[in-house]
Amino acid sequence: MTSCDKNFDIAQVVRKRSELLKKESIIPEADPNSFDVKFNPVSPKYKLETREIVETFYHNRINRGGFWGQFLVAKNGEIIYEDYQGYSNYQTKDKINDSTPMHVASVGKVFTGVTVLRLINNKKIALDQKVNTILPDFPYDDITVRLLLNHRSGLPYYGHFTAKNNIWDTKKTITNKDVLELLETKNIKLDFKPNTKFTYSNTNYVVLALIVEKITEKSFQEAMKELVLDPLKMNNTFVLDNLENKDKITQSYHANNAKMHWDYLDGTYGDKNIYTTARDMLKLDKALYSDNFISKTLKDEMYKGYSYERSGANNYGLAIRMVEPKNNEGNLYTFHNGWWRGNRTSYVTLRKDTITIICFNNHNSQLAYKTKELAPRLGNYPFIEIND
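Going by the working numbering, the first residue of the sequence shown is number 1369, and it counts up by one from there.
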């Protein structure tokens, strides 16, 4: 336990925060003519008290030796606290700031999922549409768009099946189209019958990116830009779909400052290879409260759990993870973490309290995952473990 937290009482904090939250607007008012969401302003009292809690937590739990990256906490879309540390390129001494796009690893699945949900929202595809009605040679008849989004398709991870039986030359970078061609031609067996269990597999989101390209007849980058990035003015977000520019973007590092290597698995996108900033991520999070951006019906499908074969609080919705409180003791905790190379990332969206916590780092440190320990300091999330 750190010195600043020695008197930390979770029950006392929850009671105090609950009283303060009652005075804050947590229900957004949607503007019918835009994706902007009109929250009531956050009170100076809330800002002051919350900033003190967040800043103390950040400096004692995250911003310790080795943290390079971006950290941001917001309420009602208003930034309460943010900080930026370390290098986007250690060799050239380029520092990370609020406009530095960072590889957010599997947090990028939120972007892919939202892009797909926007297509569904616009009635271009259906949530329960079979994948082989979109990609005609896709060989698995019972897999739907929903089952890709919630990782219940049974598709095995391409990083595993490409390493077996010499079906892929690992000296050659694999692309999304290559993954699809292998699924279509190499008799790749499913890990299980579709919709019978949950297994997290990057292959699902590689295929989702291809679906976006097929439906829009545009590159994934262009489609995401049109459907998500431009409407929300997310000007520092992009898809890395061409490795020719890999040395010009934010690099990832080992803890000893040595640059991480690239290999044949770095050529796919949708599952990863999305670069953004904490501030751009906040814009996306805020838009997800707008029923014009994605309908309430679709958001209800997004933020519910689908996998109950195993008992436990952890679950997965559509492009979002969650911890479900037992016996309704507390609020639903929704988030997505990421890890690819030296990029370790966390996006937390506490929708009951309209609080957003974002932490991206490129220094191969697990410090980003400590964001979950901040949640019970800000609201009624007593089921989240605090490691003091």
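Here a beta-carbon is modelled for each residue, glycine too, at the ideal position from N, C-alpha and C. Everything numeric in this text was worked out from a predicted model, so none of it was measured.
- About 5 angstroms separates the beta carbons of Arg1745 and Ile1421, which is inside the 8 angstroms limit, making them a contact pair.
- The beta carbon of Glu1753 sits closer than 8 angstroms to those of Lys1740 and Glu1741, all from its chain and outside the five residues before and after it, given in chain order.
- Restricting attention to Lys1640, Thr1618, Tyr1671 and Cys1727, the CA atom closest to the CA of Thr1460 is found in Thr1618.
- The residues Leu1495 and Asp1496, in chain order, have a CB closer than 6 angstroms to that of Arg1514 in the same chain once the five nearest residues on each side in sequence are set aside.
- The C-alpha of Pro1469 is placed about 30 angstroms away from the C-alpha of Gly1747.
- By a beta-carbon distance limit of 8 angstroms, Lys1565 contacts Glu1677. Their separation comes to about 5 angstroms.
- Between Thr1724 and Phe1703, the gap from beta carbon to beta carbon reaches 8 angstroms or more.
- Its chain contains Leu1515 and Arg1520 as the residues whose beta carbon lies nearer than 7 angstroms to that of Asn1563, once the 5 sequence neighbours on both sides are disregarded; these appear in chain order.
- Residue range Ile1642 to Thr1644 is occupied by the beta strand (DSSP E) that includes Ile1642.
- Burial check for Ile1535: the Cβ neighbour count within 10 Å stays below 16, so the residue is exposed.
- The Cβ atoms of Gly1638 and Tyr1573 lie closer than 8 angstroms to each other.
- Less than 8 angstroms divides the Cβ of Leu1633 from the Cβ of Gly1527.
- Assignment of beta-bridge partners to Leu1440 by DSSP yields Glu1450 and Ile1726.
- By the neighbour-count criterion, in which 16 or more other beta carbons inside 10 Å mark a residue as buried, Tyr1568 falls on the exposed side.
- For Met1649, the secondary structure class from DSSP, reduced to helix, strand or coil, is helix.
- Residue ranges of uninterrupted alpha helix (DSSP H) with 4 or more members, entirely inside the stretch 1459 to 1509 and ordered along the chain, are 1476 to 1489.
- The shortest CA-to-CA distance from Asp1546 to any of Leu1517, Ile1511 and Phe1506 is the one to Phe1506.
- In this structure the stretch 1639 to 1652 does not lie against the stretch 1483 to 1492, because fewer than three pairs of beta carbons, one per stretch, are closer than 8 angstroms.
- Annotation: the stretch 1549 to 1633 contains the following complete segments of the alpha helix (DSSP H) (minimum length 4 residues), in chain order: 1570 to 1584 and 1588 to 1592.
- As a beta-bridge residue in DSSP terms, Met1690 pairs with Asn1683 and Thr1702.
- Boundaries for Arg1719: no beta strand (DSSP E) harbours it, and the DSSP string shows neither H nor E there.
- Where Tyr1526 is concerned, there is no enclosing beta strand (DSSP E), although the alpha helix (DSSP H) around it starts and stops at Tyr1526 to Phe1529.
- In terms of Cα proximity to Trp1436, the closest of Thr1480, Lys1616 and Asn1624 is Asn1624.
- Here Glu1692 is not near Leu1686, since their CB atoms are 8 angstroms or more apart.
- In the structure shown, Thr1739 adopts helical secondary structure according to DSSP, grouped into three states.
- Sorting Glu1669, Asn1683, Tyr1657 and Ala1736 by C-alpha distance to the C-alpha of Phe1407 places Tyr1657 at the top.
- The C-beta distance from Glu1450 to Asp1466 rounds to 7 angstroms, short enough to fall under 8 angstroms.
- Taking Glu1594 as reference, the option from Gly1522, Asn1490 and Glu1446 with the minimal CA-CA separation is Asn1490.
- Taking 8 angstroms as the cut-off, the beta carbon of Leu1416 is found no closer than this to the beta carbon of Ala1646.
- The continuous alpha helix (DSSP H) containing Tyr1414 extends over residues Pro1412 to Phe1425.
- When beta bridges are read from the DSSP output, Tyr1455 appears opposite Lys1463.
- For Gln1589, the number of other beta carbons within 10 angstroms of its own is at least 16, and it is reported as buried.
- In this structure, the straight-line span from the alpha carbon of Trp1630 to that of Ile1642 is close to 16 angstroms.
- DSSP places Thr1665 within a helical segment (H, G or I) once states are collapsed to three.
- Apart from sequence neighbours up to five positions away, the residues of its chain that approach Tyr1455 with a beta-carbon distance below 7 angstroms are Trp1436, Lys1461, Asp1462, Lys1463 and Ile1464, ordered along the chain.
- Within the same chain, Tyr1632 come within 6 angstroms of Thr1538 by CB-CB distance, once the 5 residues on both sides are set aside.
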